[in-house]
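See below for the structure under consideration.
Protein chains in written order, with our numbering: chain A, 1 to 115; chain B, 1001 to 1112.
Structure below.
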C-alpha cells in the first residue's frame, strides 16, 4: 500500500537550534514529495517539494528537505529554528490513482520552538 | 487575486440536517479535493474530482456527497447519514499533474 509516515507526533527544539522533522514514504515509481505547514484554524501552506533533480530541496521560510531514495525518506530541516516556526507540519506524497493523481498526507508532526 | 475560497468559516448544524460547504477556486485547476481533519489526526480524503462532471470516493466518503458541475466549484454536502460530522474540513485544488496542492482556509463544522 502506498503511504507516508511521520514517526514523531511532536518535536521540541530551542530557538536558534537546528530542527529536523522526519518523514518516510512508500510508493511505487518515482515519488513526488511535499511538505506543508498548518497554523491554528488555517488551511495548509506549501513549503517545498521534490520532483526530480538535486536531493536537497530549498523552500519557503528557510526550510529545506533532503530526499534519500535508499532510505525512502524526505526529512524537513532548518538550520536555526524560530519561535514563529511552531506549527503543525505535514509530509505528503503524490500517488497515481484511477484517472489521475491524488495526494496523501502523513498524520502530521507538531513542532514546538521554545524561546 | 488567485486562490481557493471556502465558506463559511464556521458552521453549526443540528443533528439530522444536511449542510453544504462551499469551495471555489480561480486557479484554473482541474483537480479538487475535500479532506477532513480531526484533532490529533492527519488529513483524510473524502472525495476528489479530476475533471468537471466526474468525481471519486476517497477513504471516508460515507455520509458525504459532492458535485462538480463547474471547474471552479466543488461543494461538499454533509448528510444526516454522517454519524460524527464535527470536524475541520479542508478543500484543495491542484493542476492535473498534482505538482502542488493549494488549500482553502477551512470550514469548522460543529453539530449542536
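By construction, the Cβ of each residue, glycine as well, lies at the ideal position given by its N, Cα and C atoms. On a predicted model such as this, the values are computed, not experimentally measured, just so you know.
- Would you please state the rounded distance, in angstroms, between the beta carbons of residue 67 (chain A) and residue 76 (chain A)? I believe it to be under 8 Å. So it is not a contact: roughly 11 Å between Cβ atoms.
- Message: Can you tell me where the beta strand (DSSP E) holding residue 58 (chain A) begins and where it ends?
- Response: 56-58
- Please check if any C-beta of chain A sits within less than 8 Å of the C-beta of residue 1103 (chain B). Interface criterion met: the Cβ of residue 1103 (chain B) is under 8 Å from a Cβ in chain A.
- Chain-ordered neighbours of residue 1098 (chain B) on chain A, where CB pairs are closer than 8 Å: The answer, in chain order, is 32, 94, 100, 101, 102 and 103.
- Minimum C-alpha distance to residue 1038 (chain B) - residue among A:32, A:20 and A:107: A:107
- Query: What do you get for residue 1 (chain A), buried or exposed, if any count of 16 or more other CB atoms within 10 angstroms of its CB means buried?
  - Reply: With fewer than 16 other Cβ atoms within 10 Å, it is exposed.
- Message: My assumption, with CB atoms under 8 Å, is that residue 1111 (chain B) sits in contact with residue 1075 (chain B). Please give the rounded CB distance.
- Response: Wrong, their Cβ atoms sit about 19 Å apart, outside the cutoff.
- Query: Hey, does residue 1045 (chain B) have any beta-carbon neighbour from chain A nearer than 8 Å?
  - Reply: At a cut-off of 8 Å between C-beta atoms, residue 1045 (chain B) counts as an interface residue with respect to chain A.
- Apart from the five residues on each side of it in sequence, which residues of its chain come closer than 7 Å, Cβ to Cβ, to residue 113 (chain A)? Residues 13, 15, 81, 82, 83, 85 and 86 of the same chain have their beta carbon placed closer than 7 Å to that of residue 113 (chain A), with the five preceding and five following residues left out of the count.
- Check distances from the C-beta atoms of the segment 1063-1074 of chain B to those of chain A and list, in chain order, the residues that come in under 9 Å. none
- Message: Using the Cβ count rule (16 or more neighbours within 10 Å means buried), how would you classify residue 1093 (chain B)?
- Response: buried
- Backbone CA spacing between residue 24 (chain A) and residue 100 (chain A) [nearest angstrom]: 23 Å
- Task: Mind checking which residues open and close the beta strand (DSSP E) that includes residue 75 (chain A)?
- Result: 73-78
- Message: At 3 residues or longer, what runs of the beta strand (DSSP E) sit wholly inside the segment 1052-1083 of chain B?
- Response: 1054-1057, 1064-1066 and 1076-1078
- Message: Considering only the alpha carbon of each residue, which of B:1051, B:1005, B:1089 and B:1045 lies closest to residue 103 (chain A)?
- Response: Residue B:1045 is the option with its Cα nearest to residue 103 (chain A).
- Task: Determine the burial state of residue 61 (chain A): buried for a count of at least 16 other Cβ atoms within 10 Å of its Cβ, exposed for fewer.
- Result: exposed
- Message: Looking at chain A, is there any beta carbon in it that lies within less than 8 Å of the beta carbon of residue 1106 (chain B)?
- Response: yes
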